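J.: I have a structure I would like to understand better, so I am pasting it below and will then ask my questions one at a time.
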Amino acid sequence: MNDRQPGLQTRAIHAGAPSPRIAGAVNVPIFQSSVFEQARAGAYHDIVYPRLSTTPTHLALGRKLAALEGADLAFATSSGMAAITTTLLCALGERGHLLLQDNTYGGTHWFAQHDLPRLGHSVTFFDATEQGGWERLLTAQTRAVYVEAMTNPLTKVADHAAVVAFAKAHGLLAIIDATFATPVNFRPLELGYDLVVHSATKYLNGHSDLAAGVVAGRREPTERVLHALNHFGGCLDAHACFLLDRGLKTLPLRMQKHNDNALQLARFLEDHAAIERVHYPGLPSHPHHDRARLLFSGCSGVLAVAIKGDGDDAEALMRRLSIAIVGPSLGGVETLVSRPAALSHMSLSPQERAALGIGDNLLRVSVGCEDIADLIEDFERALG
Ligand SMILES: *Cc1c(COP(=O)(O)O)cnc(C)c1O
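Numbering (the numbering used here), first residue to last: 70 to 453.
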């Protein structure tokens, strides 16, 4: 009896498929039905209904996601923000206190700063990259600690082992947004996180053609989030479930290419005379390089580049690229480039941006899966 778990690429292709296959179909069909005949009476959350994520299309996707994350339970949501807001509202209970990593995704930061307090919760922002002094931030109401695998756009890596140990020591739910890492590069549940959330809009789907989110984790907290989602209504449509399932089949293949391409482009840019600094955890010059090597099997495709020059120079450089597309978001097979000061972080004042280390001359690159020689040539010509 061989009980070795199949490898990640095998799981990405086969895990979660119904057995026997539905009418022999290799792909899980889209169950375009909002009503299913009820064979016998059962619990509310088990009724077959799209909003409850219980159609065969939803269940197969959930099983695949759980197999990839090493989770007891996983499910998809209508967007990354649906996964994040539902998870946080559920984790905080009544008048809860949240420890939130500073410098998280803009939507998460906004929700924590503006919406949670309005709903009676409180939030303290903390530096998750440096251990120490976290105890002083605890209150009697602290229920959860929330961090990201890597920050945007400077790719800082939190001290994840310390965050998990801190959460365990104080009975807090440890939650991580692992969008930038994906289960190919980092499986946070193995490290001791309780809940993982993703924007599946990014790498998990990988083709820049849908919005979706994921929640995965230990059974009990994940089931509570699912039951909250069942009432809040942020389920994923069956068509989008099908597309996400299809995208996931090539996730390990794609991540390998993102990892390799980003490392090679980062090395090329770091050596270029027109570049001031490259932020990529795969480079030995990155302050969290050793930590990233310990935690991650690859550093994914996002890197940030400070060019020698000002905002106008950075803007002009970006516009001279011909393969890389100027645009927001990340994680697709196509290379995307954006200027955080004028896009993701434009609502901050120049002083606030400077404090975060996000200068006007900083570009973020989401390195895609094109041939690396072409990407390097594209940047070389634009830097010219
Ligand atoms: C994009 C993103 C989100 C939000 O996801 P949506 O699918 O756009 O709702 C959350 N966290 C991170 C790290 C992201 O990059």
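Glycine is no exception: its CB is placed at the ideal position from the N, C-alpha and C atoms. Here the structure is a predicted model, which is why all the values come from computation and not from measurement.
(1) Taking the CB atoms as reference points, tell me whether Leu-317 and Lys-133 lie closer together than 9 Å.
(2) Could you pull out every residue in the same chain whose Cβ sits closer than 8 Å to the Cβ of Lys-237, ignoring the five residues on either side in sequence?
(3) Is it true that the region 363-374 meets the region 313-331, where meeting means three or more beta-carbon pairs spaced less than 8 Å apart?
(4) When the distance is taken between beta carbons, is Thr-126 closer than 9 Å to Gly-282?
(5) Relative to the C-alpha of Gly-149, which candidate in Thr-208, Leu-188 and Leu-399 has its C-alpha closest?
(6) Pull the bridge partners of Leu-128 from the DSSP assignment, please.
(7) May I ask whether a heavy atom of ligand 1 can be found less than 8 Å away from the beta carbon of Met-415?
(8) Using a threshold of 8 Å, is the CB atom of Ala-280 nearer than that to any non-hydrogen atom of ligand 1?
(9) Distance check for Pro-257 and Glu-217, CA to CA, integer angstroms please.
(10) Thinking C-alpha only, which one of Ile-116, Met-387 and Gly-401 is nearest Asn-299?
(11) Could you name the residues that DSSP lists as bridge partners for Thr-193?
(12) For the region 244-251 against the region 148-164, are there 3 or more C-beta pairs whose distance is under 8 Å?
(13) Say yes only if the C-beta of Met-150 is nearer than 8 Å to one or more non-hydrogen atoms of ligand 1, and no if none qualify.
(14) Out of Thr-251, Val-253 and Gly-201, state which residue places its alpha-carbon closest to the alpha-carbon of Phe-235.
(15) Confirm the yes/no value for this check: CB of Ile-153, any heavy atom of ligand 1, distance under 8 Å.
(16) Can you tell which of Asn-221, Val-95, His-183 and Ile-91 has its C-alpha closest to the C-alpha of Tyr-349?
(17) For the alpha helix (DSSP H) holding Phe-249, just list the boundary residues, first then last.
(18) Which residues does DSSP list as the beta-bridge partners of Phe-144?
(19) Comparing the CB of Gly-302 with every heavy atom of ligand 1, is any distance shorter than 8 Å?
(20) Residues in its own chain within less than 6 Å of His-166 by CB, not counting five upstream and five downstream?
(21) Do you know whose CA, among His-341, Glu-403, Gln-78 and Glu-421, lies nearest Ser-391's CA?
(22) Which residue's Cα is closest to the Cα of Val-294: Asp-263, Arg-360 and Asp-314?
(23) Distance check for Ala-451 and Met-70, CA to CA, integer angstroms please.
(24) Is the distance from the Cβ of Gly-428 to the Cβ of Ala-411 below 9 Å?
(25) Just the Cα atoms here: how many angstroms apart are Leu-444 and Val-406?
(26) When you compare only the Cα positions, how much space is there between Asn-274 and Leu-161?
T.: On the basis of the supplied data:
(1) For this step, residue 317 is matched to residue 248 along the sequence shown. For this step, residue 133 is matched to residue 64 along the sequence shown. Yes, they are a contact pair.
(2) Taking the sequence shown and counting its residues from 1, the one referred to as residue 237 is at position 168. Correct list, in chain order: Ala-243 and Gly-261.
(3) yes
(4) For this step, residue 282 is matched to residue 213 along the sequence shown. For this step, residue 126 is matched to residue 57 along the sequence shown. No, Cβ-Cβ distance for Gly-282 and Thr-126 is not below 9 Å.
(5) The count along the sequence shown starts at 1 and reaches residue 149 at position 80. Of Thr-208, Leu-188 and Leu-399, the residue nearest in Cα terms is Leu-399.
(6) Mapped onto the sequence shown, residue 128 falls at position 59. DSSP output for Leu-128 lists no bridge partner at all.
(7) Position 346 of the sequence shown, counted from the first residue, corresponds to residue 415. Met-415: no, Cβ never under 8 Å from ligand 1.
(8) The residue you call residue 280 lines up with position 211 of the sequence shown. Checking the Cβ of Ala-280 against ligand 1 gives yes.
(9) Counting from one through the sequence shown, the residue named residue 217 turns up at place 148. Counting from one through the sequence shown, the residue named residue 257 turns up at place 188. Glu-217 and Pro-257: Cα-Cα distance of roughly 10 Å.
(10) The residue labelled residue 299 in the question sits at position 230 within the sequence shown. Here the closest residue by C-alpha is Ile-116.
(11) Position 124 of the sequence shown, counted from the first residue, corresponds to residue 193. According to DSSP, Thr-193 bridges with Leu-168.
(12) yes
(13) Here the question's residue 150 lines up with position 81 in the sequence shown. Indeed, a heavy atom of ligand 1 lies less than 8 Å from the Cβ.
(14) Residue mapping note: residue 235 aligns to position 166 of the sequence shown, counting from 1. Comparing Cα positions, the closest option is Gly-201.
(15) One-based indexing of the sequence shown puts residue 153 at position 84. For ligand 1, at least one heavy atom lies less than 8 Å from the Cβ of Ile-153.
(16) In the sequence shown, counting from the first residue as 1, residue 349 sits at position 280. Ranking Asn-221, Val-95, His-183 and Ile-91 by Cα distance to Tyr-349 puts Asn-221 first.
(17) By one-based count along the sequence shown, residue 249 stands at place 180. Here Phe-249 belongs to no alpha helix (DSSP H), and DSSP marks it neither H nor E.
(18) Position 75 of the sequence shown, counted from the start, is the residue given in the question as residue 144. DSSP lists Val-284 as partners of Phe-144.
(19) Locating residue 302 in the sequence shown gives position 233, where the first residue counts as 1. Flag unset: Cβ of Gly-302 not near ligand 1.
(20) Working through the sequence shown from its first residue, we reach residue 166 at position 97. So the list reads Ser-191, Thr-208, Gln-210 and Thr-211, once near-sequence residues are dropped.
(21) Here the question's residue 391 lines up with position 322 in the sequence shown. That would be Glu-403, whose Cα lies nearest to the Cα of Ser-391.
(22) The sequence position of residue 294 within the sequence shown is 225, counting from 1. Among Asp-263, Arg-360 and Asp-314, the Cα nearest to that of Val-294 is on Asp-263.
(23) For the purposes of this step, residue 70 is taken as residue 1 along the sequence shown, with counting starting at 1. For the purposes of this step, residue 451 is taken as residue 382 along the sequence shown, with counting starting at 1. In this prediction, Met-70 has a pLDDT of 45, which is less than 50 and means its spatial position is unreliable; nothing more can be read from the coordinates.
(24) Residue 428 sits at position 359 when you count from the first residue of the sequence shown. Residue 411 sits at position 342 when you count from the first residue of the sequence shown. No; because the gap between Cβ atoms is not below 9 Å, this pair is not in contact.
(25) Within the sequence shown, the letter at position 375 stands for residue 444. Within the sequence shown, the letter at position 337 stands for residue 406. Taking the straight line from one Cα to the other gives about 12 Å.
(26) Residue 274 sits at position 205 when you count from the first residue of the sequence shown. Residue 161 sits at position 92 when you count from the first residue of the sequence shown. So the alpha carbons of these two residues sit roughly 29 Å apart.
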